[in-house]
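Asker: Here it is: the structure, laid out below.
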Amino acid sequence: MTNNEQLAQWLYRLVEILRSQGNSTWRRLVQTVSGKTAVIELDGTQLQLWAQGDEPLQVSIESLTEPQPVHFCSDAETLRDIITGSVTLDAAVMSGKIYVRGDLPDLLGINQVVMGILADSAINLQLQRLWNDFDHLWFHPPSPPPCQSLDQQKPSCGYLINQIPADVLNIEVD
């Protein structure tokens with residue numbers, strides 16, 4: 001199975017899990033994505049998503065043959081960090097680990113959907129299985145050594161004081 005096929009399969013699975021729950025996360029998803037199209041990219045794998053209708057929401061996912069401007073772009077490690085709770089969604093967006101593009105109401109709606117999915121994951125075994133499959137089957141980049149040698153580590157202090165001119169540092173105050 002190609003990365004495009006695997007990612008599309010997981011996205012379809014996610015939609016069906018949310019549909020079967022029928023809770024506020026599902027209703028927010030329908031409200032936010034109905035009638036919209038988006039291009040997403042994960043680790044260089046691009047897919048185009050379409051959503052039509054309310055109930056039932058029809059979702060179509062296709063592989064792209066030509067690169068397109070994306071609405072969402074990230075990597076698997078960032079998603080893993082968000083799912084495990086070691087990074088918040090907001091922090092990942094602010095640091096540039098997740099790129100999102102859209103109008104404010106859509107971005108706020110997607111944010112609420114993602115927060116709902118993460119909250120539901122704590123108690124929903126289907127979502128937990130989906131995350132487990134993603135974690136085990138999707139690409140893992142080679143991990144760096146747990147600790148860099150001392151000569152590769154930058155000192156965490158001293159940067160600011162090095163920016164002060166020497167003549168200012170030599171001033172004596174009585």
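Take the sequence shown: its position 22, counting from 1, is numbered 22 in the numbering used here, and each next residue is one higher. Just so it is clear, CB atoms sit at the ideal spot from N, CA and C, and this is done for glycine as well.
In chain order, what residues of the same chain have a beta carbon less than 6 Å from the beta carbon of Q52, not counting five sequence neighbours either side?
Answerer: Here residue 52 corresponds to residue number 52 of the sequence shown, with the count starting at 1. Within the same chain, Q52 has close Cβ partners Q58.
Asker: Where does A91 fall in DSSP's three states?
Answerer: The residue you call residue 91 lines up with position 91 of the sequence shown. Correct three-state label for A91: helix.
Asker: In angstroms with no decimal places, state the Cα-to-Cα distance between N162 and V173.
Answerer: Position 162 of the sequence shown, counted from the first residue, corresponds to residue 162. Position 173 of the sequence shown, counted from the first residue, corresponds to residue 173. If I take the Cα positions, the gap works out to 20 Å.
Asker: What three-state label does DSSP hand F72 in the structure shown?
Answerer: Along the sequence shown, read from residue 1 onward, the residue named residue 72 stands at position 72. Of the three classes helix, strand and coil, the one that applies to F72 here is strand, per DSSP.
Asker: Looking at L64: is its Cβ nearer than 9 Å to the Cβ of A8?
Answerer: Locating residue 64 in the sequence shown gives position 64, where the first residue counts as 1. Locating residue 8 in the sequence shown gives position 8, where the first residue counts as 1. Taking 9 Å as the Cβ cut-off, L64 and A8 do not qualify as a contacting pair.
Asker: Helix, strand or coil: how does DSSP classify V33 here?
Answerer: What you label residue 33 is simply residue 33 of the sequence shown in a count that begins at 1. In the structure shown, V33 sits in a helix (DSSP, three-state: H, G or I).
Asker: So, is T139 buried or exposed, given that buried needs 16 or more other C-beta atoms within 10 angstroms?
Answerer: For the purposes of this step, residue 139 is taken as residue 139 along the sequence shown, with counting starting at 1. First, the amino acid is wrong: residue 139 is Phe here, not Thr. It counts as exposed.
Asker: Taking the CB atoms as reference points, tell me whether L42 and V113 lie closer together than 9 Å.
Answerer: Counted from its first residue, the sequence shown places residue 42 at position 42. Counted from its first residue, the sequence shown places residue 113 at position 113. Not in contact: L42 and V113 (Cβ atoms no closer than 9 Å).
Asker: Is S20 buried or exposed, if buried means 16 or more other CB atoms sit within 10 Å of its CB?
Answerer: On the sequence shown, position 20 is the one that residue 20 refers to. Its Cβ having fewer than 16 others within 10 Å, S20 is exposed.
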